[in-house]
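J.: Residue numbering for the sequence shown follows this note's numbering, starting at 35 and increasing by one per position.
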Amino acid sequence: MLRITIKLIAASAFIFSAGAVSAQTVVAPEPRNVVQLSATGTVEVQQDLLVLNLATSKEATDAATVQSQLKQALDAALAEAKRNAQPGQMDVRTGPFGLYPRYGKDGKINGWQGRAELVLEGRDFARITATAGRIQTLAISQVGFDLSREARAKVEGEAQTLAIEQFKSRAAELAKGFGFSAYSLREVAVNSNEAMPGPRPRMMAAEAKMSSFADAPVPVEAGKAQVVVNVSGSVQMR
35 MLRITIKLIA
45 ASAFIFSAGA
55 VSAQTVVAPE
65 PRNVVQLSAT
75 GTVEVQQDLL
85 VLNLATSKEA
95 TDAATVQSQL
105 KQALDAALAE
115 AKRNAQPGQM
125 DVRTGPFGLY
135 PRYGKDGKIN
145 GWQGRAELVL
155 EGRDFARITA
165 TAGRIQTLAI
175 SQVGFDLSRE
185 ARAKVEGEAQ
195 TLAIEQFKSR
205 AAELAKGFGF
215 SAYSLREVAV
225 NSNEAMPGPR
235 PRMMAAEAKM
245 SSFADAPVPV
255 EAGKAQVVVN
265 VSGSVQMR
């Protein structure tokens, strides 16, 4: 009786393992009548954010002197800028501040040089350029433009709607072209980015004297940016 029980258990184990192997070898059918496609929605919008960089460079035989000169120039510029700062309209922040050794022909250090930067950023172009014109210790090194978060969010929804409508239209056209009456959405991905056509931000002559701008704002003119939303995915034609 004991031997029969052992045989029955062994037989049951064999049947179970065979069934598990059989289940593992079942292959799901490949999807049919599926098409991949993408569509893009683009909205052009005026750039409303001015980013103005001011900088100065100093040289001396020792690092301490260079650091002290940079600090004095930056402190004076910060004091002037902060008097006119206003959140969102003109924000003030410091940029890179660094010292570097200067080498002679013999490969030895014969002096030090350094650079300090200040950034004015915001939507009030007149306030920013007028403030830059009053700062005497730093010179304008770069002028650039961008989109504020509010402006980007406002048009991103429009671009997304355009991309989705184009995606749906193309999906319907493809289904009809292949002889199907309809389609269903399988998967989709939505991505957004910003393109800036036209010239890159202007680079100004470094260390230019600011006295010529003391009585008038620095002339600037923003361009346009394109907010682009891409919708890609696949549809099941039916």
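Positions of the beta carbon are idealized from the N, C-alpha and C atoms, including for glycine.
Between the alpha carbons of LYS243 and VAL77, how many angstroms are there, rounded?
T.: Residue confidence for LYS243 is low, a pLDDT of 43 falling below 50, so the modelled location carries little weight; the figure read from the coordinates is stated next. LYS243 and VAL77: Cα-Cα distance of roughly 40 Å.
J.: Could you please give the first and the last residue of the uninterrupted beta strand (DSSP E) stretch that includes VAL189?
T.: Premise fails: VAL189 lies in the alpha helix (DSSP H), 183–211, not in any beta strand (DSSP E).
J.: Determine the contact status of PRO130 and ILE143, defining contact as a CB-CB distance below 8 Å.
T.: Cβ distance not < 8 Å, so PRO130 and ILE143 don't count as in contact.
J.: Would SER268 and VAL69 be called neighbours here (beta carbons separated by less than 8 Å)?
T.: The answer is yes: Cβ separation under 8 Å.
J.: Suppose contacts are defined by Cβ-Cβ distances below 8 Å. Is GLU155 in contact with ASP125 by that definition?
T.: Taking 8 Å as the Cβ cut-off, GLU155 and ASP125 qualify as a contacting pair.
J.: State the Cα-Cα distance for the pair THR165 and ARG204, rounded to the nearest angstrom.
T.: Between THR165 and ARG204, the C-alpha separation is close to 52 Å.
J.: Roughly how many angstroms separate the alpha carbons of ASN264 and ALA111, rounded to a whole number?
T.: Whole-angstrom Cα-Cα distance: 43 Å.
J.: Mapping the DSSP letters down to three states, classify LYS258 as helix, strand or coil.
T.: Correct three-state label for LYS258: strand.
J.: Among THR90, PHE159 and THR95, which has the Cα closest to the Cα of GLN120?
T.: Here the closest residue by C-alpha is PHE159.
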